[in-house]
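Worksheet for the structure shown next.
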Amino acid sequence: MESKVGLGWVSLLLLSSLLSSSSSSSADNVKVAVKGGASIAATDDSFICATLDWWPSDKCDYGQCPWGLAGILNLDLDNKILSNAIKAFNPLRIRVGGSLQDQVVYEHTHLYNKKCPEFKKEDGGMFGFSEGCLRTERWDQLNHLFNQTGALVTFGLNALNGRMRSKQSDNLYVGKWKNGNAHHLVRYTHHKGYKIDSYELGNELCGSGVSGRLTAEQYAEDIVKMKKFLTKLYPNQASRPKVLGPAGFYDRKWFETFLKATGPGVVDGVTHHIYNLGAGVDPTLINKVQDPSYLDQIDTTYKDVSDTVQKFGPWTAPWVGEAGGAYNSGGKGVSNTFANGFWYLDQLGMTSRFNHKVFCRQALIGGNYALLNTTTFIPNPDFYGALLWHRLMGKEVLSTTHSGSPYLRAYAHCSRNTPGVTVVLINMSNSTSFDVSIVDDPNSSPSHQKKIASGSHAQREEYHLTPKDGNIRSDVLLLNGTPLKLTDSSDIPELNPTTVDPLQPIHVVADSIVFARLQGFKAPACN
């Protein structure tokens, strides 16, 4: 009993320290202006997404093999933490795919008469691996998990089946796509009544490709055929899976050609991939995730993708189909820690502003960049950041500006399922705290400003995220001063806010992230 009381006082002292908003000499005063008159963009309801990847346990980089038993074919699908983590989002969008996707064949088809092979290391194979196989039983097991947890599933199909490398270019694949194997998987899935939200064709085959590529014209032809097949199989548009592509890195000319060749009514989401932090082995990775000028560089890509889609495919919308920050399985000691939240939540805010509908984090589990620990399944800090974003940030994106330090990032959305506005404040500075006042944009109408003033006394809820012991390389996250831990029954803990005097500024300590829900901010865009 005494130890519990002691811990309670420690938590109260920590919380008091976090929320102290008295005019401290170490805190800079910042006014964040939110333009609530109209939204500047909108996301999908299920903006937060995480991936499951095909990598086997012997996927190794830099002398380490961080995938363990976390690949699609060997993951423990009965793990209670895994299912509870997915259920917590209600729903979580999950993308099933990755680098080995175009080497996967599907067992349930009489057209595929070979044995069902396992992935093996192979010199000359794509990404150093042989062809692998998805067994019928495993597909049933995966869909059982998805059904039990209510996941929204995107499944990536093999786009290279039947194709060969060009004699003129080792990276270019030519020949007709043998889509019979993929069609039988889709028919089986339809017959079993499994709900698939969307199908994506191929992985990282656009532009110059990664381990292989297709021309934009050939890919467009294939995806048009895929759309026709799904339309025939699912005559009811309401239950028909969406079609996504090209699932690779942005190349302006390739994307423009692809969208012009497919035309309206084919592609439901234009997916592109982001690994803007470089290699996972980079010793400066810890500096990059805290450097606002470095993080700003990807802003141009998001804008360019958005502009290309608006100009050449206004009937569709951009998605980030895969983003792990650092490639080759992420950076050990960075990608799985509190520090990575600076990059991750900043990317969520940035992509939202450029009208991206979905952001798929690589990975839900597996590698160093996973939301869940690969071995124990215990949530890493970014899992809770993703969950808070999903629960608090609504679809409508609001313009947010301030003239303070670039180390303070601010994003605002209409609140999800409640009145008002929710802001996320990311303090990348390791030495400066900020006292942040959220104000209406001075250029809004007088009547709108009057509404803000009249609602300013409504309660404010705050969620302060900090690392254990102030160490940003910790994988233990504190919410309002209390460590987040699974319950004894392996459930995700409750994420409760603290209620704060709305007339006081939001105190954002150094190396912290704050979600604040302002019910008194009556933005017309959020009506």
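Be aware that the sequence shown starts at 84, since it is given in this note's numbering, and climbs by one per residue.
The beta carbon of each residue, even a glycine, is placed where N, CA and C say it ideally should be.
DSSP-derived helix/strand/coil call for residue i
{"i": "W402", "result": "strand"}
{"i": "G468", "result": "helix"}
{"i": "P525", "result": "coil"}
{"i": "M476", "result": "strand"}
{"i": "H227", "result": "helix"}
{"i": "Y195", "result": "For Y195, the pLDDT reaches just 49, beneath the cut-off of 50, and the residue's location in the model is therefore unreliable, although a value from the coordinates is still provided. Of the three classes helix, strand and coil, the one that applies to Y195 here is coil, per DSSP."}
{"i": "N610", "result": "coil"}
{"i": "E283", "result": "strand"}
{"i": "V392", "result": "helix"}
{"i": "S140", "result": "coil"}
{"i": "T383", "result": "helix"}
{"i": "T272", "result": "helix"}
{"i": "H439", "result": "coil"}
{"i": "M209", "result": "helix"}
{"i": "N112", "result": "strand"}
{"i": "T232", "result": "helix"}
{"i": "S512", "result": "coil"}
Residue i vs residue j beta-carbon contact at 8 Å
{"i": "G414", "j": "N451", "result": "yes"}
{"i": "G208", "j": "D136", "result": "no"}
{"i": "V326", "j": "V353", "result": "no"}
{"i": "Y427", "j": "D465", "result": "yes"}
{"i": "I164", "j": "I461", "result": "yes"}
{"i": "P580", "j": "D518", "result": "no"}
{"i": "V293", "j": "H355", "result": "no"}
{"i": "P347", "j": "W398", "result": "yes"}
{"i": "R335", "j": "T391", "result": "yes"}
{"i": "A116", "j": "T384", "result": "no"}
{"i": "L313", "j": "Y302", "result": "no"}
{"i": "F130", "j": "K440", "result": "yes"}
{"i": "A121", "j": "A608", "result": "yes"}
{"i": "H273", "j": "L316", "result": "yes"}
{"i": "I177", "j": "L560", "result": "no"}
{"i": "F421", "j": "Q430", "result": "no"}
{"i": "N438", "j": "A362", "result": "no"}
{"i": "S516", "j": "A599", "result": "no"}
Distance, residue j Cα to residue i Cα
{"i": "Q602", "j": "P375", "result": "29 Å"}
{"i": "A124", "j": "L578", "result": "27 Å"}
{"i": "I169", "j": "D127", "result": "18 Å"}
{"i": "S369", "j": "Q184", "result": "Residue identity check: residue 369 is Ile in the sequence provided, not Ser. Rounded to whole angstroms, I369 to Q184 spans 30 Å at the Cα level."}
{"i": "L562", "j": "T549", "result": "7 Å"}
{"i": "G34", "j": "S488", "result": "Limits of the chain in this structure are 84 at one end and 610 at the other, which puts residue 34 out of reach."}
{"i": "L470", "j": "Y546", "result": "12 Å"}
{"i": "Y145", "j": "I521", "result": "45 Å"}
{"i": "S418", "j": "L454", "result": "9 Å"}
{"i": "W150", "j": "G408", "result": "16 Å"}
{"i": "A536", "j": "R492", "result": "Unreliable positioning characterises A536 in this predicted model, as indicated by a pLDDT of 43, which lies under 50. A coordinate reading is not provided."}
{"i": "N173", "j": "L342", "result": "33 Å"}
Exposure label - residue i; buried when at least 16 CB within 10 Å
{"i": "E220", "result": "exposed"}
{"i": "P139", "result": "buried"}
{"i": "Q393", "result": "exposed"}
{"i": "P401", "result": "buried"}
{"i": "R556", "result": "exposed"}
{"i": "L360", "result": "buried"}
{"i": "Q445", "result": "buried"}
{"i": "P585", "result": "buried"}
CB contact below 8 Å: residue i versus chain B
{"i": "S516", "result": "Given the protein chain composition of this structure (a single chain), no chain B is represented."}
Range of the contiguous alpha helix (DSSP H) that encloses residue i
{"i": "D429", "result": "N423 to R436"}
{"i": "N626", "result": "Residue 626 is absent from the model: the chain starts at 84 and stops at 610."}
{"i": "N370", "result": "L368 to K371"}
{"i": "Y377", "result": "P375 to L378"}
Span of the beta strand (DSSP E) around residue i
{"i": "E545", "result": "R543 to P550"}
{"i": "K311", "result": "Here K311 belongs to no beta strand (DSSP E); instead the alpha helix (DSSP H) covers A299 to L316."}
{"i": "A344", "result": "No beta strand (DSSP E) holds A344; the alpha helix (DSSP H) holding it covers R335 to T345."}
{"i": "V364", "result": "It is not in any beta strand (DSSP E) - V364 carries neither H nor E in the DSSP assignment."}
{"i": "F202", "result": "No beta strand (DSSP E) holds F202; DSSP gives it neither H nor E."}
{"i": "P329", "result": "K325 to G331"}
{"i": "S498", "result": "L491 to S498"}
{"i": "V179", "result": "R176 to V179"}
{"i": "C132", "result": "I131 to L135"}
The ligand ADP heavy atom lying under 7 Å from the CB of residue i
{"i": "Q251", "result": "This structure lacks the ligand ADP, and indeed carries no ligand of any kind."}
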